[in-house]
Structures are given as C-alpha cells and as structure tokens.
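Below is one structure, written out as structure tokens, with a few remarks after it.
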Amino acid sequence: MSRALEIAEQALSTVRGGEAEVLVHAERSGVARFAASIVHQPTLIDNAVVRARVVQDGQVGWAATNRSDKESLGALMSRAGEAAGSAKPDPDFPGLGPRAEYPDVGGYDEETASLGAEAQARLAAAAIEAAPDFGLYGYFTSGVTEIALVSSSGLSAQQSMTDAVCLCLAADDGASGWSERTSWRVGELDPAEPAREAAETAAKTRGAGTLEPGTYAAVLEPFAVAELVRWFSYDSLGAQGYLEERSYFCGRIGEQAFDPKISLADDALSTANLPKAFDFEGTPKQRVDMIESGVIRDVVWDRVTAARAGDGHASTGHAPPDAWRFFGPMPTAFSMAGGEAGSTEELAALVGDGIYVTRLHYLSIVDPRGGVLTGMTRDGTFRIRDGKVAEPLVNLRFTVAMSDVLAEVPALTREPMLVNLNELYDERFPHAALVPALATRRFHITGTGSGPGL
Amino acid sequence: MKALAEAAVDAAMGAGASYADARAVSLRRQYVITKNSQVDDLSDAESEGVGVRVLVGGAWGFAGEGRLDETAARDAALRAVDFARAAPGSRQTELASLDAQSGSYRTQMERDPFDVPLTEKIELCLRAEEGMRQSKVKVTLAMVRAQREHKVLATSDGVAIEQELVECGGGIDAYASEGDVTQIRSYPSQHGGVSGQGGWEFVEELALDQEAPRVGEQAVALLSAAECPASTTTIVLSPEQAVMQVHESVGHPTELDRVYGTEAAYAGTSFLSPDDLGNLRYGSEKMNITSDATTPRGLGTFGFDDEGVPAQREPIVAEGLLCGFLSSRETAARIGAGVGGCMRADGWSRMPLVRMTNLHLEPGEGSFDELIQDVAEGVYMETNKSWSIDDKRLNFQFGTQIAWEIRNGKLGRMFRDATYTGVTPIFWGKLDAVAGPEEWQLFGLTNCGKGQPGQEAHVSHGASPARFRGVEVGVSA
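Residue numbers (numbering that gives the first Met the number 0), protein chains in the order written: chain A, 0 to 453; chain B, 0 to 476.
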C-alpha cells in the first residue's frame, strides 16, 4: 500500500457517520530552471495534500491540509464536516463515486522516480551543453506524483505516476527558437535533442521582418497546436461550459463543423500520453472522441455535470484536480489524429504561400461561444513562400475563430508529438497533448509585435 | 516557527552556503461559491511548510518541505545546498546590502474574515445571486474568499521578521445567453472579484447584493447590443480596465528579473533595458506610476518583502519618464540602484521572485463626466474580459465585457465584444487625461502568474478613469 493510500485511509477512519471521501495528492519533484545557460531557480518540492469531502444530508463541505499526523487528519474531517453542516442541500449532488475496477495503465517509471537533485541538474546541464551558440532558457524537471482516493462508498483508488520534461528556448538578442520533450520515462528523453532543435530554429530567426495583417495559410508546429486546443477546451470541450452555453459545441453535436481530417479525442488511457487510470472523483478514465472526422461528437463529463444534465449522460472520468474545480471537467490528455504528411516541410509545400508558426504565447479567450482566441506567435515565426519556409518574421498577433482554423486543413503530420501542458502551478499534475503539426488555410493575423530574441 | 527558520539557516551555512534564508509559512484559504442558488464550493484549506533558499559558490538552491519542524527545516536546507552545488554554470551572485532587520507586521482589520460564520457568507452569496436573476440569465455565480498567511523569515545576514497578512474579497458574475450569443457581466471584476488586505468589512463595502440587479440587467442588455465597430478612435477606460493595462504593460515589463532575461522561456522578457532607467519615455506627461507596498488594503502591502527588505513607495514612471524598476536584492545589485523590495513567494514551496506589490496609475484631475465631455467620438470600456500581450510586453490586445459609444461628450448606445489593441509606449503616449483622486479605485487581483514552477501573486492596482486618443478598437477574428 502506498503512503498516500495509507494517509487517505487513516483520515477516512476518523469519520463517524455521514459520507466522506479523502483524496491525497502527493508530490516529490525537482525543477532545474535555467536562464542564459545557468541554473538560476532550482526548486525541490516534497509535499502531500490531503483533501476531504464530507456529505451530510445532501450538504457538501470540503477541507484540505498538508499535515498527515492522526490529530490533524481528525481535525481535517471535522472542518469538512463543519463546512458541510453550514451548506445547503444540493439536489444535483450525484453522491460519492462508487467502487470501481481500474486498468493498469502504466505511467510510472522507477528510473524517473529515482532521479534526485544531482541527476536533475546533470540533465539540465546536458541540454545547456547542446546549445553552445545561444543562451539556453527553460528547465529540466522530473517528479513522482501519487494520487490516492478512498470513500465511505467503498471506492479505493491509487496511482503513482512519473513525468520528465525538458523545455528549451535558445535565444540571444534578435534570435530565438523553441523545442521541448515530455515523457513519463526519462530514458526516452534526451535533453540535448530539444536544445539542439531550439538552437537550429533560433539561428534562422535573425533579421525578422514584419507582415501585413490579414488571413494567411499557416503551418502550426505541435507546440502551437497544443496551445490552441488547450485554450479552446476551457469553455468548449468540457461539460460545464457546454451546459452553461459558453461552448462552441452548444447546439452543434453531430454537425460537420471542421475539416474531415480533424479528429480530436481525450485519451488518458494511452501509454503514448501521460496515462491515468481514474479522475479526481475516482471514476475510471474513458477515451472521449470530441471531434471525429470533423464532426462534433461530445464534451468530457464528470459526475457533477452528468447529474446536472439529467439526460442520461454519465461521467467520462474527467473530474478535475481541486485547483481547477471552478472550471468543471476538462480534457487533460488530448489526442489529435495524425495525417499523411511526413514532415512540416511537406506541410509547407502544401500551403505554398503563408506563415510558419513554432510556438504561441499568452493566449486569451475573446469570445467563448464563438471559439475566438487571441495571442502571439514567438520563437520561430517564418514566411512560407513557394512551398518552402522562407524569411523570419517578427512575432504576430492572431485573433482566430477555431472553427476557421480547423475548417480547411490541407494536411497534418503523420506522427503526433507529446507536448507538455503542465505549468507546475499548485500540486503537480502531469498532463500533455499528443498532437501533430497541422496546416490550415485560415489563420487571421491582426497585428505585429516584438521581434524574436531577448 | 522562528526557531525552525533559524535552524534551517544554520544548517545551510554549516553545509557551506555563503547566504541562506528560510521562510516558515502557515497558510489558510477559505472559499464560498454559490452558483444558480446552490452551494457550489465550500472549502477550507490549510498548508504549512518551510522553504529554504541558499547561495553556494554563487549558485542558488531552493528546497521546500511540507512540515513545520526543525528536522524538516534542516533537511530542506541540506537538499537546497546539494541542489545548488550540482547546478551547472559558473556565476558571481551579489546581493544589495541590507542592514539587519527585525520586526513584525500584522494586517489591521475590524472583523476577522475567518470569524464570520460560513452561513453568513452563504447567505450573502445567495442574496447577490437572487439580485442578478433575469429571464435570459442562465448562470449566476457569487463568491467570497478569505486568506491568512503567517510567515517567519530568517536570513544569514541578520533578518528576523514575523508577519501575518489577512485578506478577503468577493465578486459576482451573470452569464446571459440567447441563440448563438453568450455574454458575461461581472462586478467588481471578472477574475474572481476583487480582494483587499483587511477584515470582512472590505467584503461588506463591496455591496455585492446591491450591485447585483445592475449586473443581471446589463448581462441581458448585452445580448441585443451591437458589436463594437472597428475604428481608430478615443477610448476611455474604466478604473478596473485601466489597472489591467497598468498590470500587463507597466508592471510586468518593469520587473527587473524579466529585463535581465530570467523569465524568457515562460512569461517572457521586457522591451526595457537597464540603460532605459531615467532615459526612456514610457508615455505622455500625464502618466505617473507608483509602486507602493504601503497602500492601505493593498494585496501587495507588507512590512517586509520575502528577502526582509522594508516596504517602500517608489515612483516607476514620472510624467512619462521611466524612473524605477521592480527589483530584488540580486537585481538591484546588478543594476547598481536600490535595495530590492519586491521579492515575494507563493507559499512555502516556491522561491521568491520579483513581483509587483501595489502598482498604481496616479490620479490626474477632474471627474469621469469631465473626461467624457471632451470626447466628440469614442468608446468607453468597462470590466476586463480578455487580455493578451507579447513576450516583451509590447503588442497587447484587451477585450472588455461592456462598452458604450461616446458621442458629443455623452455616453450613447451599448456595445458588446469590445476590444482594443496597441503597442505599449505608443499607447501610453496617447494618454491625454486621467481623472482625479475622487474617481481613483483600488483593485486587488489574485491570479498573477509567473515562474517555473508556477506561482500566483496577489497584487493590487489603483487607477482613475483614463483617456487615450487614436486607439485601434474593434479587432475581430
């Protein structure tokens, strides 16, 4: 039995009467963050958060602590009970999750789990040494995350997961390039690779020119695709936004809304992603096909939204971690089907005339119902001329409707890439998008900004 | 807590650190959220631990342990030293000198927000929700929150500080929907309302329930409002939108760690360079920006920052000229000016970073009405809805929840989906009026993200309505 599960069961054992659920979210991690090829913010974290949910006559209260001694766990359950006692009965409350069987999805690697500070620093150094012509900015991180969930309804779930991520920005004055690698097995991750790729891109970005605003065909690298999909998901791909009529999918289930080459699922069961067996309500994870061959199929659900819908929907295993509970169920393991193109160069050849985008920055939702996003390109923006990646461009402001971006997609690359989505806020919860590069006929540029580089 | 912080510092110095600091932190956060007349979230979270930061051979190391005992503190110190020793790269790290400090600081308040019964908080939220209800309002939401942070800082150069910071706040949202149009209206801000340092009296003064009917009515009115047309025109920003403009286009670019590139991979850098200090024209002569860690009720108000530097009030932009940066002891030493004073950490498990404290657009003169009277054609924009700015903080685009046409000095028809865009120093150069102190309002935001691992800072900004000429509005997909 894991330490997290032990703590959860100990907390649950202090409950006398009523229904209760205890979640333990534990983390042991290191982040070797570097700038100008020097590790400047190395952070080691060791923590376990215990979160209790108590239900009394349909009234629900929550409490959390990171103390795990017996007295503190008892006090935690009392505080959650007091909160429940103050609440109002919730007629939509679906009850605590039932006992379930969970598949062995993998996602834990002993070599990754055993990495200590020295190894994390060494792997950061390997990235830095691979980009000698530029300053390297980013981090190497690895960690072990343990989730344990038990409840008075008989639910008992536990998973340990590992992740390793190396993010690399190679930059100096007037030049910058980006790449990254993510895996749950550190043995599959060579930090030198993203560093070299970032440096190769950076070397092509000097002397960037401007671009007239307008609608352009574009090639989007997987890093850019992942960001677009993530920001589209906040309102449009979860059941809360759907039920509250903020989702682009409202009234469009079954509609051929996008190019038939677009298929987007959430698939946490895949070992090619960062696999997870269950969600934060203890519901087994399911693959959800959100878009199939351009047809809108579904959003992701948790028990709360499924009960609120009251139309036969069931949880798909997408209850979010506590820090995101406000947003409702969310996809956290995007999987976009690849296409026929062998490389981004082939995509550029198909586009003919357009722009090439490596990475996006600081997105925001302009109109949730319309699926309209704005943001900037950065660290590798180029013109495409005559089917080839040509001169570098300054960073471009885009304001796009996702329905336009995905309406006409000449091609996608064959092999999707795993792109990290975890910004390491709150408790560690590794998650990522498995997405290909994509060519679109419509990417709306509304302005220009700073040039590449520092 | 003091003993264990000192034990961590001693352990780090004994293990070979040339400098060490340790923060022992105990944090409690409470949220009450109601949605569509049901209690949506009723949570009470506490977290405690110690974070130890060390310098070894000029390299930083940091480790956080989620326990408050001397063994954990010493362990964290030794792990931090080990990490610093292993860090690649050679460097010289100097810290601006700081006289030994000891002292304490405690938030002044009338009514401790944690003494307010949960039932009273729920009733306030439900009352506010009830006020927003309209036939086309599909979702109503009300939220109140409270936070207490007790922290002790000890450093190897003689700092011994104890502080207790208490804050609370709240906000309401109404989502209206009809056909393919969904609109949101919020008060006092979209982003989880606003918070202030102080007692429950802060939440009571927000008068969420009294503002609710207007919020609900405007959400519905937006459904039939015209989209804000594209043009280049005069805009007047409400104080709430003006503070977002200050936050994104002045606050972040003047953080000296960004100027030196240490945030380049994530949040980005800055269009400013160290040489711009005292030389760069940031905006018009109407632009005066102050960093003030002493502002009453500010979320960035403290006795000392997380390096032990006493709270300061400093001009950042004076009559349009850049005259200050937000700094740490390390970046202050590097630029050769100041002593820092803006280092803040998110709880015990994160390293302090250069953060905004309270950053204000200083008031000018005159009323809001007088600001509008001088506009023949323009748009008045209120309450932030979307925000985005490039990695050097130059090109930005903001959207607001609601806007009104200004014609011949008067507010006219309502617009929805209003946006405006610009480039930072050019935009601030178009500032031609800021209303007076009687219109000045303080907004406390709790979602300022930065750093890897990520940290959320709580910062406040004050502003009066501000007027800009010749701005591009109505950007659309």
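Yeah, the Cβ is synthetic: ideal placement off N, Cα and C, and Gly gets one too.
Can a CB atom of chain A be found closer than 8 Å to the CB of residue 59 of chain B? yes
Pick out whichever of A/149, A/308 and A/327 has its Cα sitting closest to the Cα of residue 3 of chain A. A/149
Counting only runs of 3+ residues fully inside the stretch 112-165 of chain B, write out the beta strand (DSSP E) ranges in chain order. 136-154
Any idea if residue 0 of chain A is buried or exposed, counting beta-carbon neighbours within 10 angstroms, 16 or more meaning buried? exposed
Proximity test, Cβ basis, 8 Å: residue 375 of chain A and chain B: yes
Just the C-alpha distance for residue 412 of chain B and residue 229 of chain B, rounded to the nearest angstrom, thanks. 15 Å
Residue 61 of chain A touches chain B at which residues, Cβ-Cβ below 9 Å? 30, 40, 41, 42, 43 and 44
Selection of the stretch 232-253 of chain A by Cβ proximity to chain B, strictly under 7 Å: 243, 244 and 245
Step through the CB atoms of chain B and report whether any lies within less than 8 Å of the CB of residue 258 of chain A. no
Counting only C-beta atoms, is residue 366 of chain A closer than 8 Å to chain B at any point? yes
Compile a chain-ordered list of the residues in the stretch 165-190 of chain B whose CB is closer than 8 Å to at least one CB of chain A. 174, 176, 179, 180 and 181
To be precise: take each residue of the stretch 408-425 of chain B, compare its Cβ to all Cβ atoms of chain A, and keep it if any distance is under 8 Å. Which residues remain? 416, 418, 420 and 422
With a threshold of 8 Å on Cβ separation, who are the neighbours of residue 63 of chain A within its own chain once the five nearest residues in sequence on each side are excluded? 48, 49, 50, 51, 75 and 321
Could you tell me which chain B residues have their CB closer than 9 Å to the CB of residue 394 of chain A, listed as they occur along the chain? 389, 390, 391, 393 and 394
Any chance you could list the beta strand (DSSP E) runs of at least 3 consecutive residues sitting entirely within the stretch 417-475 of chain B, in chain order? 417-422, 430-433, 440-449, 454-462 and 465-472
Establish whether the CB of residue 209 of chain B and some CB of chain A are separated by less than 8 Å. no
Which residues, taken in chain order from the stretch 348-362 of chain B, show a beta carbon closer than 9 Å to some beta carbon of chain A? 348, 349, 350 and 352
For residue 299 of chain A, I'd like the list of residues in its chain whose CB is within less than 6 Å of its CB, leaving aside the five on either flank, ordered along the chain. 237, 265, 287, 315, 317, 328 and 330
The stretch 28-36 of chain A in contact with the stretch 125-144 of chain A per 3-pair CB rule at 8 Å: yes
Beta-bridge pairing of residue 397 of chain A - partner residues as DSSP gives them: A/374 and A/444
Do residue 6 of chain B and residue 73 of chain B have their beta-carbon atoms positioned less than 8 Å apart in this structure? yes
Name the chain A residues that come within less than 9 Å of residue 451 of chain B, Cβ to Cβ? 30, 32, 40, 42, 137, 138, 140, 166, 422 and 423
Looking at C-alpha atoms only, which residue of B/270, B/393, B/382 and B/406 is the closest neighbour of residue 448 of chain A? B/393
So, residue 452 of chain A versus residue 171 of chain A, is the Cβ gap smaller than 8 Å? yes
Could you give the first and the last residue of the continuous alpha helix (DSSP H) run that contains residue 420 of chain A? No alpha helix (DSSP H) holds residue 420 of chain A; DSSP gives it neither H nor E.
How about residue 530 of chain B and residue 360 of chain A: do their beta carbons lie closer than 8 Å? No answer is possible for residue 530 of chain B: the residues shown for chain B start at 0 and end at 476.
The stretch 79-95 of chain B / the stretch 284-304 of chain B touching (three or more Cβ pairs under 8 Å): no
Quick one: list the residues of chain A neighbouring residue 47 of chain B, beta-carbon separation under 9 Å, in chain order. 64, 65 and 66
Please list the terminal residues of the continuous beta strand (DSSP E) segment that includes residue 401 of chain B. 394-406
For residue 37 of chain B, go through chain A and note every residue whose CB falls closer than 8 Å to its CB, in chain order. 87, 89, 90 and 91
Is the shortest distance between the beta-carbon of residue 35 of chain A and the beta-carbons of chain B less than 8 Å? yes
Under the three-state DSSP convention, the category residue 69 of chain A falls into: helix
Proximal chain B residues relative to residue 447 of chain A, where beta-carbon distance stays under 8 Å: 394
Return the CA-CA distance between residue 376 of chain B and residue 438 of chain B, expressed in angstroms with no decimal places. 22 Å
Quick check: residue 395 of chain B and residue 248 of chain B, are their CB atoms within less than 8 Å of each other? yes
For residue 118 of chain B, go through chain A and note every residue whose CB falls closer than 8 Å to its CB, in chain order. 85
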